[in-house]
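Asker: In my numbering, the protein residues as written are 502 to 770.
For glycine and all other residues, C-beta sits at the position ideal for the given N, C-alpha and C.
Have a look at this one before I ask anything.
Here is the structure:
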């Protein structure tokens with residue numbers, strides 16, 4: 502059964518990297534996807550209240566534009582997609598260095614400490630001791646802007662985690678492949694549903710695909726392929742996803758994810 506696209510997903514899909522989105526396009530596409538105007542209107546109000554977008558004009562004649570804060574948030578969300586496809590293409594290779602981050606926050610600022618720990622977890626870092634996190638990626642720039650005053654950092658190519666020193670074994674111990682691969686079943690499901698529902702408008706099919714990819718990426722720490730032995734299932738599934746997406750875009754210009762897709766990849770190795 503096809504999953505319902507959330508109103509927020511529809512709205513954010515139309516927010517371009519620069520410029521404005523027409524509310525008529527957002528509402529019309531939401532209606533095609535089976536959504537009424539009211540939940541979409543509520544999602545827009547929440548984005549405005551959160552400081553992510555500004556609205557100009559009223560009703561379907563109006564437009565939405567990202568604020569600086571909203572652009573930074575979406576840009577950070579899209580960076581995961583950029584990294585995933587860059588790794589798949591062999592454009593982003595691991596330099597064999599582990600990044601260590603120590604979070605040290607006074608007890609009176611417990612909320613800040615908890616927020617930083619959540620952010621690190623969301624970015625794929627794993628705690629290997631109290632307050633000590635590790636990742637194969639440099640995550641500091643992706644954290645909140647004031648994070649630096651609470652962090653101590655280091656890099657090493659000689660990591661020992663409870664007696665485990667082999668990089669592939671460390672990766673499997675800290676980021677088990679089965680849990681990550683399981684998150685990609687949502688894309689397999691949507692690809693099968695999409696193949697059986699070709700009469701659905703292409704923009705709705707794209708939204709369903711985009712929603713599935715974002716949900717899978719959300720649970721993927723994007724461990725470098727050098728730390729995964731053999732064929733890595735998420736790479737294969739992302740390739741199938743990209744092929745379907747490109748097929749839907751053939752012969753027309755998509756109104757969604759303008760300036761965000763395809764992700765820019767660093768082709769240096």
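1. Looking only at DSSP bridge pairs, what is residue 599 linked to?
2. Exposed or buried, residue 553, counting other C-beta atoms within 10 Å across all chains shown (16 or more means buried)?
3. Give the C-beta separation of residue 595 and residue 656 to the nearest angstrom, bearing in mind that I take them to be a contact with Cβ-Cβ under 8 Å.
4. Going by Cα to Cα distance, which pick from 748, 567, 670 and 723 is closest to residue 771?
5. Using the Cα positions of residue 720 and residue 636, report the straight-line distance between them to the nearest angstrom.
6. Measuring straight from C-alpha to C-alpha, what distance separates residue 756 and residue 666?
7. What separation, rounded to the nearest whole angstrom, lies between the Cα atoms of residue 611 and residue 662?
8. Under the three-state reduction of DSSP, which class applies to residue 736: helix, strand or coil?
9. Assign residue 729 to buried or exposed, taking buried as 16 or more other Cβ atoms, counted over all protein chains shown, within 10 Å of its Cβ.
10. Taking the Cβ atom as the reference point for each residue, do residue 534 and residue 509 lie within a distance shorter than 7 Å?
11. What first and last residue would you give for the beta strand (DSSP E) that runs through residue 564?
12. Pull up the CB-CB distance for residue 586 and residue 739, whole angstroms please, since I reckon it's below 8 Å.
13. Residue 573 to residue 659, Cα distance in whole Å?
14. Pick out whichever of 669, 628, 714 and 699 has its Cα sitting closest to the Cα of residue 684.
15. Looking only at DSSP bridge pairs, what is residue 634 linked to?
16. Distance check for residue 701 and residue 548, CA to CA, integer angstroms please.
17. Tell me where the beta strand (DSSP E) around residue 678 begins and ends.
18. For the alpha helix (DSSP H) that residue 530 lies in, which residues bound it at each end?
19. Rounded to a whole number of angstroms, what is the C-alpha to C-alpha distance between residue 742 and residue 589?
20. On the three-state DSSP scale, how would you describe residue 652?
21. By the 10 Å Cβ neighbour count, where 16 or more other Cβ atoms means buried, how is residue 579 classified, buried or exposed?
Answerer: Put simply:
1. 657
2. buried
3. Actually they do not touch by this definition, with Cβ atoms about 12 Å apart.
4. Beyond the ends of the chain as shown, which are 502 and 770, falls residue 771; an answer cannot be given.
5. 15 Å
6. 48 Å
7. 27 Å
8. helix
9. buried
10. no
11. 564-567
12. 7 Å
13. 34 Å
14. 714
15. 602 and 628
16. 28 Å
17. That residue, residue 678, is in no beta strand (DSSP E); its alpha helix (DSSP H) goes 678-684.
18. 524-533
19. 13 Å
20. strand
21. buried
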